[in-house]
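There are 2 protein chains.
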Amino acid sequence: MTATIINGTAVAERMRNELAAEVTRFKERHGYAPGLGAVLAGDDPASAQYVRMKRRACEQIGIESTAHVMDSSSTQAEVEAAVRQLNDDPKVHGILVQLPLPKQIDEEKILQLVSLDKDVDGFHPINIGKLAMKGREPTFTPATPTGCMVLLEEVGAKISGANAVVIGRSNIVGLPAAMMLLKANATVTICHSRTQDIPGIVKQADIVIAAIGQPEFVKAEWLKPGAVVIDVGTNQVDDPASSKGYRFVGDVDFEAAKEVAGAISKVPGGVGPMTITMLLHNTVKAAWRIAGE
Amino acid sequence: MTATIINGTAVAERMRNELAAEVTRFKERHGYAPGLGAVLAGDDPASAQYVRMKRRACEQIGIESTAHVMDSSSTQAEVEAAVRQLNDDPKVHGILVQLPLPKQIDEEKILQLVSLDKDVDGFHPINIGKLAMKGREPTFTPATPTGCMVLLEEVGAKISGANAVVIGRSNIVGLPAAMMLLKANATVTICHSRTQDIPGIVKQADIVIAAIGQPEFVKAEWLKPGAVVIDVGTNQVDDPASSKGYRFVGDVDFEAAKEVAGAISKVPGGVGPMTITMLLHNTVKAAWRIAGE
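From first to last, the protein sequence lines are chains A and B. Using this note's numbering, read the first sequence as starting at 107 and increasing by one per residue. Using this note's numbering, read the second sequence as starting at 107 and increasing by one per residue.
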């Protein structure tokens, strides 16, 4: 069997086209564009690159973006002031605090300061709490796991009653992914670095979300034939055959796994493009909500 | 093999004696007692009974308690006013909103109104969010799952790296229990009504938390020999042999299960007495915190 390859790039492109049309409608109706305000503190080149990519994606669909760029010596008070300014700015509808923040900054306090109406990353503890609780609905859900859920839906995966295994328990992917699967009535198992027998657990899974950040960690022989596999990892590995000397691989051994899985997302071109798309989606949603629609 | 029987009554009694001594120290130091304020709305006899039991337990260890008792027709504004009054009362350190609230009341709004410093039930979405997130610590954790964790510790269960299965995903037990086990580095599976093969999943578990509210649902033959079983259920079943005509049983078939499990909690006398004890514990903790210690 060869798996259906889940093409996140194509899904993201379709969604971004829809969002662009929605932004146009929003502008016609309100006379201004939805706005995203980013906070980038520190000098991590990857963080700076992510913020650039997110701002470029905004621009492409007509969302206006601003950024508070602060150096790695910025203080708690300065980062808080940046968030407060964005909270108060009527032209900003979504706030993106690029993580990680410099080590002297209390991340928890910063995320809790973001206005719930503008928490398009879904990382405010109230939104995480509502995501966890039965019968509650967070205003926004984190972009990456939401992108995973959209890809599962895209490929027609049956989630209710399925055995879903999430490998990794980060606050930005694994943990919220587990909660979203649980809310969708999957039986959810959360594996992590202390788990004794990940292969044995994965073998039971109808749905696997791999978000552990280790190149090609999940092997084909661990998979239940027909399982739907969403690969969140993006790991840079040496590749002398490539002109750049490296390439990106996921957390799943894709080439072998696609012969066992029923469906599997690509890396790159799977979850990656969905993450930014879901941030755009949340920003447009925030703009409509704040406009009272 | 016959399991170690986990006697929650004995653990609770020991903890309550320690708490009584702590309350005495608190009073000597501050000249007033820790205080619990309860909100009871509606005419559910079980809820009224729970509040009575909790207040009696407070009294026994020297915590002062007050209760706002409102009838089933109380309005959102009235319940909110009761919570606000308790938030503002300097002699109240812990607030207990007895659930369920009457159906016209927005439970989510009420729980979110409780001062974080007084949220001794741990149900504020910020506390649930922090419980869910890695690297965050809620101020208070919900009483029943905390009681389960204490019993696991009491029996020397190794949690880190263990396979833990939580049956049930309620906001007050199953869901926070799963999060607490995950924080303690267990590999956690959450089962519920949509789960396809609960017996097969339980068979893998080193730790089982049964919180599904169905009498003797978990069978002995589902258990892995030596598993530690915490039974949260308290189900009333007919019993013509009893003078009352009924008795209480747990969610686990105790008599058969104790021949397979390594350790198992009793019903009654297991998790039940721990729940109120953990509420008392949280109230004393809240009083010290508010007093700045």
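We treat Cβ as the ideally placed atom computed from N, Cα and C, and that holds for glycine. This one's a predicted model, so the numbers in the text were calculated from it and none came from an experiment.
- Query: Roughly how many angstroms separate the alpha carbons of glutamate 134/A and cysteine 254/A, rounded to a whole number?
  - Reply: As a working note, residue 134/A is residue 28 in the first sequence. As a working note, residue 254/A is residue 148 in the first sequence. Near 32 Å, if we compare the C-alpha coordinates of cysteine 254/A and glutamate 134/A.
- Item | Beta carbon proximity, valine 203/B to chain A, threshold 8 Å | Mapped onto the second sequence, residue 203/B falls at position 97. Using a CB distance cut-off of 8 Å, valine 203/B does not count as an interface residue toward chain A.
- Message: What would DSSP say about isoleucine 318/B, mapped onto helix, strand or coil?
- Response: Indexing the second sequence from 1 puts residue 318/B at position 212. Isoleucine 318/B: coil per DSSP, three-state reduction.
- 8 Å Cβ cut-off: residues of chain A touching proline 196/B: Counting from 1 along the second sequence, the entry for residue 196/B is found at position 90. In chain order: nothing, as chain A lies at least about 25 Å away.
- Mind checking if lysine 209/B is an interface residue toward chain A, Cβ cutoff 8 Å exclusive? For the purposes of this step, residue 209/B is taken as the residue at position 103 of the second sequence. Not closer than 8 Å to any Cβ of chain A, the Cβ of lysine 209/B fails to qualify, so no.
- When you compare each of Val279/B, Gly143/B and Val271/B to isoleucine 296/A by their alpha carbons, which one comes out closest? In the first sequence, residue 296/A corresponds to position 190, counting from 1. Minimum Cα distance to isoleucine 296/A is reached at Val271/B.
- Which ranges does the beta strand (DSSP E) cover as unbroken runs of at least 3 residues, wholly within the segment 181 to 220 of chain A, from first to last along the chain? Whole beta strand (DSSP E) segments, 3+ residues: 200 to 203.
- Query: Mind checking glycine 241/B: buried by the 16 CB within 10 Å criterion, or exposed?
  - Reply: Within the second sequence, residue 241/B is the residue found at index 135, counting from 1. It counts as exposed.
- Query: At a Cβ cut of 8 Å, what residues of the segment 211 to 233 of chain A count as close to chain B, listed as they run along the chain?
  - Reply: Under the 8 Å Cβ criterion, the segment 211 to 233 of chain A contributes Glu214, Gln218, His230, Pro231, Ile232 and Asn233.
- Query: Looking at the C-beta of leucine 318/B, does it have a partner C-beta in chain A at a distance below 8 Å?
  - Reply: Looking up residue 318/B in the second sequence gives position 212. The sequence given here has isoleucine at residue 318/B, not leucine. No, isoleucine 318/B lies away from the interface with chain A (no Cβ there is under 8 Å from its Cβ).
- Answer yes if the segment 352 to 365 of chain A comes into contact with the segment 384 to 392 of chain A, meaning at least three C-beta pairs across the two stretches below 8 Å, and no otherwise. no
- Is the beta carbon of isoleucine 313/B less than 8 Å from the beta carbon of alanine 268/B? As a position in the second sequence, residue 313/B is number 207, starting the count at 1. As a position in the second sequence, residue 268/B is number 162, starting the count at 1. Yes, they are a contact pair.
- Query: For asparagine 341/A, which three-state DSSP category applies?
  - Reply: The sequence position of residue 341/A within the first sequence is 235, counting from 1. Strand, per DSSP.
- Any idea what DSSP makes of methionine 176/B, helix, strand or coil? For the purposes of this step, residue 176/B is taken as the residue at position 70 of the second sequence. Here methionine 176/B sits in strand by DSSP.
- Please report how far the alpha carbon of proline 140/B lies from the alpha carbon of threonine 172/B, in whole angstroms. One-based indexing of the second sequence puts residue 140/B at position 34. One-based indexing of the second sequence puts residue 172/B at position 66. A direct Cα-to-Cα measurement between proline 140/B and threonine 172/B gives close to 11 Å.
- Message: Less than 8 Å between CB atoms is the rule here; does threonine 293/A satisfy it with respect to chain B?
- Response: Here the question's residue 293/A lines up with position 187 in the first sequence. Interface residue, yes.
- Cβ atoms of isoleucine 201/B and aspartate 225/B: under 8 Å apart, would you say? Stepping through the second sequence from its first residue, residue 225/B is reached at position 119. Stepping through the second sequence from its first residue, residue 201/B is reached at position 95. In contact: aspartate 225/B and isoleucine 201/B (Cβ atoms closer than 8 Å).
- Is the CB of alanine 238/B under 8 Å away from at least one CB in chain A? Translated into the one-based positions of the second sequence, residue 238/B becomes position 132. Yes, because at least one Cβ of chain A sits closer than 8 Å to the Cβ of alanine 238/B.
- Which of the three DSSP states, helix, strand or coil, is assigned to asparagine 277/A? Working through the first sequence from its first residue, we reach residue 277/A at position 171. Asparagine 277/A falls in the coil class under three-state DSSP.
- Task: Measuring alpha carbon to alpha carbon, tell me which of Ile273/A, Ile232/A, Ser266/A and Met239/A ends up nearest proline 251/A.
- Result: Counted from its first residue, the first sequence places residue 251/A at position 145. It is Ile273/A.
- Task: Would you check if the segment 151 to 169 of chain A and the segment 111 to 130 of chain A touch, i.e. whether three or more CB-CB distances between them fall below 8 Å?
- Result: Yes, since at least three Cβ pairs between the segment 111 to 130 of chain A and the segment 151 to 169 of chain A fall closer than 8 Å, the two stretches touch.
- Query: Can you name the start and end residues of the alpha helix (DSSP H) that alanine 362/A belongs to?
  - Reply: Position 256 of the first sequence holds residue 362/A. Unbroken alpha helix (DSSP H) run through alanine 362/A: 360 to 363.
- Task: Would you mind reading off the limits of the alpha helix (DSSP H) that contains glycine 306/B?
- Result: If you number the second sequence from 1, residue 306/B lands on position 200. Unbroken alpha helix (DSSP H) run through glycine 306/B: 304 to 308.
- Task: Count the other C-beta atoms from every protein chain shown that fall within 10 angstroms of the C-beta of glycine 376/B, then say buried if there are 16 or more, exposed otherwise.
- Result: The residue given as residue 376/B occupies position 270 in the second sequence. By the neighbour-count rule (16 or more Cβ atoms within 10 Å), glycine 376/B is buried.
- Message: So that I know if they touch, is there some Cβ in chain B lying closer than 8 Å to that of glycine 339/A?
- Response: Residue numbering aside, residue 339/A sits at position 233 when the first sequence is read from its first letter. No, glycine 339/A does not count as interfacial toward chain B.
- Is it true that the segment 340 to 352 of chain B meets the segment 219 to 237 of chain B, where meeting means three or more beta-carbon pairs spaced less than 8 Å apart? no
- Among Val279/B, Thr301/B, Gly306/B and Gln342/B, which has the Cα closest to the Cα of isoleucine 315/B? For this step, residue 315/B is matched to residue 209 along the second sequence. Residue Val279/B is the option with its Cα nearest to isoleucine 315/B.
- Residue environment, valine 343/B, which counts as buried when at least 16 other CB atoms sit within 10 Å: Position 237 of the second sequence, counting from 1, holds the residue named residue 343/B. Label assigned to valine 343/B: exposed.
- Counting only the same chain and skipping the five closest in sequence on each side, list residues whose C-beta sits under 6 Å from that of alanine 290/A. Walking along the first sequence from the start, residue 290/A turns up at place 184. Excluding its 5 nearest sequence neighbours in each direction, alanine 290/A has C-beta neighbours in its own chain below 6 Å: Ile265, listed in chain order.
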